[in-house]
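**Q** Residue numbers (the numbering used here), protein chains in the order written: chain A, 1 to 147; chain B, 148 to 656. Beta carbons are placed, not taken as given, at the ideal position from N, Cα and C, and that holds for glycine. What follows is a single structure, and I will ask about it in a moment.
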């Protein structure tokens with residue numbers, strides 16, 4: 001039966017195998033004189049063992065479907081929003097990107113009224129920029145129009 | 148002793164300078180807010196505000212960050228008592244009897260006892276920290292790479308052993324963190340490892356983005372879609388004072404909680420959570436009326452709240468004296484100190500006494516500030532909870548991006564936060580703890596350096612770890628712990644770690 005422990009153990013095992021495969025480009029060194037790939041390979045081997053142990057012993061954990069994924073829609077929306085922010089932050093500038101993200105999250109995902117959303121997004125994006133960039137002198141990215 | 152007092156005098160002259168005092172105050176205030184708001188724990192709070200300290204000198208920055216840390220410990224108890232929502236994980240045990248007291252109309256006394264207990268524990272444990280850290284640091288000056296290697300391995304194993312739930316899972320998480328710590332330039336040979344052409348990964352995966360992802364963003368991902376939080380019980384302010392009987396019943400638990408919390412705080416692991424859990428269990432066992440626990444026993448608030456605050460100071464002992472963080476929060480504090488050009492370790496106390504002693508003194512001051520701040524202003528902080536979560540979490544996401552980006556001014560860090568956030572979300576959903584990942588990430592370069600230096604010292608002979616007494620002892624303890632944890636695997640009995648996991652899920656003990 002596929003349980004959460006088995007799924008996680010399998011994923012960790014695959015990751016360990018991938019690390020071992022990717023370490024082939026680096027000198028392994030010897031047992032007495034470890035090279036840059038030595039510890040990654042040892043750790044990956046231990047992770048592989050833990051992953052296998054989780055697969056073998058994890059039969060009593062709950063099934064993934066039993067966890068309740070009702071927050072999934074929100075989770076996906078937030079992950080997508082942060083990814084878009086990461087792409088746009090240095091292109092559009094901090095204020096525009098953040099205002100857009102807040103508009104999407106509050107207005108479209110949470111379906112608040114548009115007036116509240118617009119005020120909230122503008123106040124937070126401009127306010128945090130003023131506090132950190134202007135007052136505390138932490139440089140934040142500006143867009144092509146200097147905004 | 149005279150030395151200590153003279154040093155403390157220096158410390159207070161640093162801590163009571165108006166500008167330092169101001170930052171301690173601001174740190175405590177922000178920390179309380181962070182602790183009250185669900186979804187932002189002390190770790191995320193410290194990480195997010197790290198950039199705000201860049202313009203400050205090291206002492207002020209660290210005083211403010213420490214203020215956020217223990218301020219959050221205070222703030223977390225408020226929501227536990229009034230709403231049965233732990234503002235941060237260490238307040239889980241306070242929810243049980245604190246909320247029961249609030250429902251019986253004793254919310255005010257519960258808040259007062261929690262605040263006074265935290266204050267006593269905080270102050271007493273700073274004294275212990277002050278007495279313990281300098282000798283430990285002088286002892287650690289004798290440590291060479293083999294001793295550090297053994298200490299770090301033991302630290303990770305203790306962390307895994309002390310975490311709630313299965314040790315196997317915790318070890319797997321620590322290994323995942325250690326592997327993540329292998330990314331970047333190999334310090335001994337200069338090889339680029341697993342960077343795939345991303346120059347920013349040369350320094351490795353940053354602790355701050357990883358911690359914000361694993362603790363801040365993943366929390367938002369888990370909770371954003373859930374139903375609205377329950378109603379707040381508003382205490383009336385004139386009911387703040389506990390009765391004489393309540394004072395009497397909480398005195399001993401506060402004392403025991405302080406000692407337990409401090410000792411557990413030194414040990415690597417999620418010290419706050421464990422110390423409050425252990426304190427609760429001890430108080431219930433010692434109580435003459437154990438049946439009252441769960442129905443509003445004042446000892447069930449006093450003990451755990453004192454314990455988790457004492458653990459805060461305990462956790463600073465290995466960080467300040469050895470330069471080895473004992474949990475994810477000290478790990479981020481360590482990263483923050485390094486940003487400010489301070490490298491904690493055995494030499495810190497000797498080389499930068501005004502920083503160390505100023506920090507100690509500011510903790511005395513901070514605890515007093517919190518007591519003064521929290522009780523009269525509790526109504527104000529509770530109003531923060533009226534901000535609807537659909538507005539709160541977008542703001543948390545925004546501050547996460549802001550904080551993570553501005554540490555290095557790099558979008559790569561935002562991507563790291565996003566990836567670790569999704570990984571953390573899935574792992575927590577699947578019942579894995581994420582604290583060992585952060586610790587593994589921080590310790591990986593130290594462990595590797597210590598291992599390879601040791602082998603270089605001994606010409607490749609592994610016996611170097613066994614012939615040096617300190618290293619051998621530490622590794623021996625590590626072996627015993629591993630064997631102990633295998634025993635519960637054999638007997639399949641519910642040991643205390645499994646019970647802690649159940650308690651964290653809110654199931655009856």
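(1) Do we get a CB-CB distance below 8 angstroms when we pair residue 100 of chain A with the residues of chain B?
(2) Where do the ends of the alpha helix (DSSP H) carrying residue 114 of chain A lie?
(3) Below 9 angstroms on C-beta distance, what does residue 73 of chain A contact in chain B?
(4) Check distances from the C-beta atoms of the segment 41-60 of chain A to those of chain B and list, in chain order, the residues that come in under 8 angstroms.
(5) Counting only beta-carbon separations shorter than 8 angstroms, does residue 167 of chain B have a partner in chain A?
(6) Roughly how many whole angstroms lie between the Cα atoms of residue 655 of chain B and residue 242 of chain B?
(7) Going by C-alpha distance, which of B/159, B/460 and B/315 is nearest residue 274 of chain B?
(8) According to DSSP, is residue 658 of chain B helix, strand or coil?
(9) Are any of the Cβ atoms in chain B nearer than 8 angstroms to that of residue 115 of chain A?
(10) Taking the straight line between their C-alpha atoms, what separation do you get for residue 618 of chain B and residue 81 of chain A?
(11) Please report the residue range of the alpha helix (DSSP H) in which residue 161 of chain B lies.
(12) Does residue 533 of chain B come within less than 8 angstroms of chain A when only Cβ atoms are used?
(13) Just checking: is the beta-carbon of residue 21 of chain A within a distance shorter than 8 angstroms of some beta-carbon in chain B?
(14) My understanding is that residue 214 of chain B touches residue 171 of chain B, with C-beta atoms under 8 angstroms, so please give their C-beta distance in whole angstroms.
(15) Counting along the chain, where does the alpha helix (DSSP H) carrying residue 563 of chain B start and finish?
(16) Hey, could you find the ends of the alpha helix (DSSP H) residue 74 of chain A is sitting in?
(17) Is it buried or exposed, residue 653 of chain B, if we count other Cβ atoms within 10 angstroms and call 16 or more buried?
(18) Which one of B/285, B/293, B/202 and B/196 has the shortest CA to CA distance from residue 600 of chain B?
(19) With a threshold of 8 angstroms between beta-carbons, can residue 4 of chain A be considered close to chain B, or not?
(20) Within the same chain, show all residues whose beta-carbon is closer than 7 angstroms to that of residue 36 of chain A, passing over the 5 residues directly before and after it, in chain order.
(21) Just the chain B side, please: which residues come within less than 7 angstroms of residue 86 of chain A by C-beta, in chain order?
(22) How about residue 318 of chain B and residue 50 of chain A: are their beta carbons less than 8 angstroms apart?
(23) Taking 8 angstroms as the threshold (beta carbon to beta carbon), is residue 292 of chain B in contact with chain A?
(24) Less than 8 angstroms separating the beta-carbons of residue 356 of chain B and residue 564 of chain B?
(25) Residues of chain B with a CB under 9 angstroms from the CB of residue 8 of chain A: which are they?
(26) Check the Cβ of residue 336 of chain B against every Cβ in chain A and list those closer than 8 angstroms, keeping chain order.
(27) At a Cβ threshold of 8 angstroms, is residue 199 of chain B touching chain A?
(28) Kindly indicate which three-state DSSP category residue 91 of chain B falls into: helix, strand or coil?
(29) If you draw a straight line from the alpha carbon of residue 132 of chain A to that of residue 201 of chain B, how long is it in whole angstroms?
(30) Under 8 angstroms between the Cβ atoms of residue 525 of chain B and residue 225 of chain B?
(31) Where do the N-terminal and C-terminal ends of the alpha helix (DSSP H) with residue 65 of chain A fall, by residue?
(32) Report, in whole angstroms, the separation of the C-beta atoms of residue 157 of chain B and residue 504 of chain B, which I expect to be a contact under 8 angstroms.
(33) For residue 142 of chain A, write down the residues that DSSP places opposite it in a beta bridge.
(34) How would you label residue 663 of chain B, buried or exposed, when you count the other beta carbons within 10 angstroms and need 16 or more for buried?
(35) Hey, is residue 608 of chain B close to the ligand GDP, as in C-beta under 7 angstroms from one of its heavy atoms?
(36) Terminal residues of the continuous alpha helix (DSSP H) containing residue 498 of chain B?
**A** Per the coordinate set shown:
(1) For the purposes of this step, residue 100 of chain A is taken as residue 100 along the first chain, with counting starting at 1. For residue 100 of chain A, the answer is no, since every Cβ of chain B falls outside 8 angstroms of its Cβ.
(2) Here residue 114 of chain A refers to the residue found at position 114 of the first chain. Note, residue 114 of chain A: alpha helix (DSSP H), 114-129.
(3) Taking the first chain and counting its residues from 1, the one referred to as residue 73 of chain A is at position 73. Ordered by position in chain B, the residues that pass the 9 angstroms Cβ test against residue 73 of chain A are 372.
(4) So the close ones are 43, 44, 46, 47, 50, 51, 53, 54 and 57.
(5) Along the second chain, one-based indexing puts residue 167 of chain B at 20. With its beta carbon at least 8 angstroms from every one in chain A, residue 167 of chain B lies outside the interface.
(6) Reading the second chain from its first residue, position 508 is the one you call residue 655 of chain B. Reading the second chain from its first residue, position 95 is the one you call residue 242 of chain B. Unreliable positioning characterises residue 655 of chain B in this predicted model, as indicated by a pLDDT of 39, which lies under 50. A coordinate reading is not provided.
(7) One-based indexing of the second chain puts residue 274 of chain B at position 127. Ranking B/159, B/460 and B/315 by Cα distance to residue 274 of chain B puts B/460 first.
(8) Any property of residue 658 of chain B remains undetermined from this structure, which presents chain B solely from 148 to 656.
(9) By 1-based counting over the first chain, the position of residue 115 of chain A is 115. Any Cβ of chain B closer than 8 angstroms to the Cβ of residue 115 of chain A would place that residue at the interface, and such an atom is absent.
(10) Residue 618 of chain B sits at position 471 when you count from the first residue of the second chain. Residue 81 of chain A sits at position 81 when you count from the first residue of the first chain. Distance between the alpha carbons of residue 618 of chain B and residue 81 of chain A is about 49 angstroms.
(11) Taking the first residue of the second chain as 1, we reach residue 161 of chain B at position 14. Element bounds for residue 161 of chain B: 149-162.
(12) As a working note, residue 533 of chain B is residue 386 in the second chain. At a cut-off of 8 angstroms between beta carbons, residue 533 of chain B makes no contact with chain A.
(13) The count along the first chain starts at 1 and reaches residue 21 of chain A at position 21. So no, residue 21 of chain A is outside the interface.
(14) Counting from 1 along the second chain, the entry for residue 214 of chain B is found at position 67. Counting from 1 along the second chain, the entry for residue 171 of chain B is found at position 24. So it is a contact: roughly 5 angstroms between Cβ atoms.
(15) For the purposes of this step, residue 563 of chain B is taken as the residue at position 416 of the second chain. That run of the alpha helix (DSSP H) goes 558-576.
(16) Indexing the first chain from 1 puts residue 74 of chain A at position 74. Looking at the DSSP string, the run of the alpha helix (DSSP H) that includes residue 74 of chain A is 72-92.
(17) Locating residue 653 of chain B in the second chain gives position 506, where the first residue counts as 1. Because residue 653 of chain B carries a pLDDT of 49, less than 50, the predicted location of this residue cannot be relied on, and no value is offered for it.
(18) As a working mapping, residue 600 of chain B is identified with position 453 in the second chain. Out of B/285, B/293, B/202 and B/196, B/293 has the C-alpha closest to the C-alpha of residue 600 of chain B.
(19) Counted from its first residue, the first chain places residue 4 of chain A at position 4. Yes - at least one Cβ of chain B is within 8 angstroms of the one on residue 4 of chain A.
(20) Mapped onto the first chain, residue 36 of chain A falls at position 36. Hits under 7 angstroms: 26 and 27.
(21) If you number the first chain from 1, residue 86 of chain A lands on position 86. The contacting residues are 558, 561, 562 and 565.
(22) As a first step, residue 318 of chain B is located in the second chain; it is residue number 171 there, counting from the start. As a first step, residue 50 of chain A is located in the first chain; it is residue number 50 there, counting from the start. With a cutoff of 8 angstroms on beta-carbon distance, residue 318 of chain B and residue 50 of chain A are scored as near each other.
(23) For this step, residue 292 of chain B is matched to residue 145 along the second chain. No, its Cβ sits nowhere closer than 8 angstroms to a Cβ of chain A.
(24) Your numbering for residue 356 of chain B matches position 209 in the second chain. Your numbering for residue 564 of chain B matches position 417 in the second chain. Between residue 356 of chain B and residue 564 of chain B, the CB-CB gap stays under 8 angstroms.
(25) Position 8 of the first chain, counted from the start, is the residue given in the question as residue 8 of chain A. By Cβ distance, chain B contributes 316, 319, 573, 574, 577, 578 and 579.
(26) Indexing the second chain from 1 puts residue 336 of chain B at position 189. In chain order, 27, 35 and 36 make up the part of chain A whose C-beta sits under 8 angstroms from the C-beta of residue 336 of chain B.
(27) Position 52 of the second chain holds residue 199 of chain B. Interface residue, yes.
(28) With chain B running from 148 to 656 in the structure shown, residue 91 of chain B is simply not present.
(29) Here residue 132 of chain A refers to the residue found at position 132 when the first chain is read from its first residue. Here residue 201 of chain B refers to the residue found at position 54 when the second chain is read from its first residue. C-alpha separation (whole angstroms): 11 angstroms.
(30) On the second chain, residue 525 of chain B is found 378 positions in, with the first residue counted as 1. On the second chain, residue 225 of chain B is found 78 positions in, with the first residue counted as 1. Yes.
(31) Indexing the first chain from 1 puts residue 65 of chain A at position 65. That residue, residue 65 of chain A, is in no alpha helix (DSSP H); it is neither H nor E in DSSP.
(32) Working through the second chain from its first residue, we reach residue 157 of chain B at position 10. Working through the second chain from its first residue, we reach residue 504 of chain B at position 357. About 5 angstroms; that satisfies the 8 angstroms criterion.
(33) Working through the first chain from its first residue, we reach residue 142 of chain A at position 142. Residue 142 of chain A pairs with A/93.
(34) Past the boundaries of the shown model lies residue 663 of chain B; chain B is included only from 148 to 656, so the question cannot be answered.
(35) The ligand GDP is not part of this structure, which contains no ligands at all.
(36) Residue mapping note: residue 498 of chain B aligns to position 351 of the second chain, counting from 1. 495-498 is the span of the alpha helix (DSSP H), which, as asked, contains residue 498 of chain B.
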